[in-house]
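Quick note: the sequence shown uses numbering that gives the first Met the number 0, first residue 0, plus one each step. By construction, the Cβ of each residue, glycine as well, lies at the ideal position given by its N, Cα and C atoms. None of these values were measured; they are calculated from a predicted model.
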Amino acid sequence: MKVKTRFAPSPTGYLHVGGARTALYSWLYAKHMQGDFVLRIEDTDLERSTQPAIDAILQGMEWLGLGWDEGPFYQTKRFDRYNQLIDQLIAEDKAYRCYCSKERLEALREQQMAAGEKPRYDGHCRDNDCSEHSADAPHVIRFRNPQQGSVIFDDHVRGHIEIANSELDDLIIRRTDGAPTYNFCVVVDDWDMEITHVVRGEDHINNTPRQINIYKALGAPVPEFAHVSMILGDDGAKLSKRHGAVSVMQYRDDGFLPEALLNYLVRLGWSSGDQEIFSIPEMIEKFSLDAINKSASAFNSDKLLWLNNHYMRTMDPAYVADALKWHFEDQKIDPSQGPALENIIGLYAERCNTLKELAAQSRYLYEEYEAFDATAAKKHLRPVARQPLELIRSKLSEVACWETANIHQVIQDTASELELGMGKVGMPLRVAVTGAGQSPSIDAVIELLGREKALSRIDRALQFITEREASA
Ligand code: GLU
């Protein structure tokens, strides 16, 4: 049978990293098994579901490259189907009308709590004759959960699970307002969509025995399950906004490549030997549900940064440049005013962990820096720097072939002609060209910047020295 998995988010907020990891695992398993991956939007909670949240989820999935073979399906479009099956269960006496008032249920609950019992429906309308109520009196529909035996399943992550039916009460499957409830819709969808493996967060594990009973009542095959553990922040608490970015798109905004986030997420709770770096084809090849870790995983931002740096340095520069372009726009840097983006990546990715930093650190290649960094200028643009800067300027204006090696030669020649150490020449030059005391290798920066701009920035530094001398 063809493997089919799904990701079924409720659109009540953005796609967060926990959801993204569940989606990734589900997607990887489908790809690994040459199966299909379905996207389903569980929007039955009309009050909490919003269109912006749906858009954010789709955008997050697309940015991550987790494409779907079917969907997105929307539960709100399938109410007729759910209701048809609920009516069928009523006709088969596998579900029943419950007329219990709110007050009765509330009193029951209080009684049970006072007696130290777990609150549960007592089955009042299950076997009693409720014919005194007219059919249209307010009521809910409850699923007639078996009372004997137990529900047994082997979870791919959590292992063998057995729950006695006596632990489970009769679940409401249709509310008074006629709306089918979540647990019922999930089962019908997974059945209709022929889902073979349900990969989801462990917060759903308590629903699974109830859902299995519903599958059985419907005569539907029960899928396999893998309940993935939680993600914790680096302080051990459940991952939340407090720990920094949790929305997937925030990672894009912060300068991460989707490949880095996916690599990070795949390892957060799954492993294959001690391998850390996985390309997407490799993840697909090696992924298995049974190797998912049972214990909760702690988010480690430093590792994510390390992976991002790795991908910035090793992926095709043209691809990285494309992602970098977004950050240029975001930081209002015009990429047409300097070297092609793919040509700067090799040099700058060595020193940056994010694309956001890379854009910020290379800004001076595209526009004039505003002012010299005060400390760097104070230290390096002193009167003694005039002579080396002037000599370099004149040599640079004569370099025949504008490339790093020749520019390097100019710096070296200047230092030896003036009998100065390389630092005494290189540092003033760096501050002149970039405005600051730190940059990648200055000869390579100057090549990228181009002759005209390099010369004019040296002039600017010389002017600065002149002004400094005048005011001294
Ligand atoms: N809609 C549920 C959620 O977002 C997921 C349900 C499921 O995967 O079965 O938590």
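Practice item. Mind checking which residues open and close the alpha helix (DSSP H) that includes E61? Key: 50 to 63
Check your understanding: Is P8 near ligand 1, in the sense that its beta carbon is under 7 Å from a heavy atom of that ligand?
Key -> yes
Point to revise | Own chain residues within Cβ distance below 8 Å of N82, not counting five before or after | key: R173, G177, P179
Point to revise | Contact belief for R80 with V187 at Cβ below 8 Å, rounded distance in angstroms | key: 6 Å
Review point. Quick one: does the C-beta of G59 sit closer than 7 Å to a heavy atom of ligand 1?
Key: no
Check your understanding: Considering only residues of the same chain and omitting the five flanking positions on each side of L107, which have a CB-CB separation below 7 Å?
Key -> D121
**Study point:** Nearest to M311 (by Cα), restricted to the options S296, R429, L357, A22
**Key:** L357
Review point. Taking 7 Å as the line, does the beta carbon of H226 fall inside it for any heavy atom of ligand 1?
Key: no
Exercise for review: Go through its chain and collect everything with a Cβ distance to D42's Cβ below 8 Å, but skip five positions before and after it.
Suggested key: S9, P10, S48, I53, Y73, Q74, T75
Check your understanding: With C-beta atoms as the reference, is G425 less than 8 Å away from I410?
Key -> yes
Check your understanding: Taking just the CA atoms, how far does L63 sit from E349?
Key -> 24 Å
Point to revise | Outcome for R20 when other beta-carbon atoms lying within 10 angstroms are tallied against a minimum of 16 | key: buried
Check your understanding: Is the Cβ-Cβ distance between I162 and D154 less than 8 Å?
Key -> no
Point to revise | Rounded straight-line distance, which links the Cα of P145 to that of S287 | key: 34 Å
Point to revise | Reference D68; option with closest CA among Y98, T374, K1, L167 | key: K1
Exercise for review: Out of D128, D168, A453, V139, point me to the one whose CA is closest to Q147's CA.
Suggested key: D168
Review point. What is the DSSP secondary structure of L256, reduced to helix, strand or coil?
Key: coil
Review point. I391 to I457, Cα distance in whole Å?
Key: 9 Å
Check your understanding: Cβ of G200 within 7 Å of any heavy atom in ligand 1?
Key -> yes
Practice item. Using the Cα positions of V198 and D301, report the straight-line distance between them to the nearest angstrom. Key: 28 Å
Practice item. Kindly indicate which three-state DSSP category I140 falls into: helix, strand or coil? Key: strand
Point to revise | Cβ shell of M447 (< 8 Å), same chain only, five flanking positions each side left out | key: The residue asked about is misnamed: residue 447 is Leu in this sequence, not Met. So the list reads G337, P338, N342, I343, L346, L364, once near-sequence residues are dropped.
Practice item. Run the CB neighbour count on T374, radius 10 Å, all protein chains shown included, and call it buried at 16 or more, exposed below. Key: exposed
Point to revise | Span of the beta strand (DSSP E), counted from its first residue to its last, around K3 | key: 3 to 6
Exercise for review: Within 10 angstroms of the Cβ of A460, are there 16 or more other Cβ atoms? Answer buried if so, exposed if not.
Suggested key: buried
Review point. Does the pairing of the stretch 411 to 421 with the stretch 381 to 390 give three or more beta-carbon distances under 8 Å?
Key: yes
Point to revise | Limits of the unbroken alpha helix (DSSP H) element including S149 | key: Not the alpha helix (DSSP H): S149 falls in the beta strand (DSSP E), residues 149 to 154.
Practice item. Could you please give me the residues that DSSP links to E223 through a beta bridge? Key: H196
Practice item. Measure the CB-CB distance between L559 and F78 and report whether it falls below 8 Å. Key: The chain is shown only over 0 to 471; residue 559 falls outside these bounds and no answer can be derived.
Check your understanding: Got a sec, what are the start and stop residues for the beta strand (DSSP E) Y73 sits in?
Key -> 69 to 73
Review point. Is it right to say I276 is buried, meaning 16 or more other beta carbons lie within 10 angstroms of its own, or is it exposed?
Key: exposed
**Study point:** Residues bridged to L38 [DSSP beta-bridge criterion]
**Key:** F6
Point to revise | Contact check, Y533 vs M248, beta carbons under 8 Å | key: Past the edges of the chain, shown from 0 to 471, lies residue 533, and the structure says nothing about it.
Exercise for review: Helix, strand or coil for H132, going by three-state DSSP, please let me know.
Suggested key: coil
Review point. Does ligand 3 have even one heavy atom less than 7 Å from the beta-carbon of E223?
Key: No copy of ligand 3 occurs in the structure displayed; its ligands are ligand 1 alone.
**Study point:** Cut-off 7 Å between Cβ atoms - residues of its own chain near Q210, not counting five sequence neighbours on either side
**Key:** N182, V185, V186
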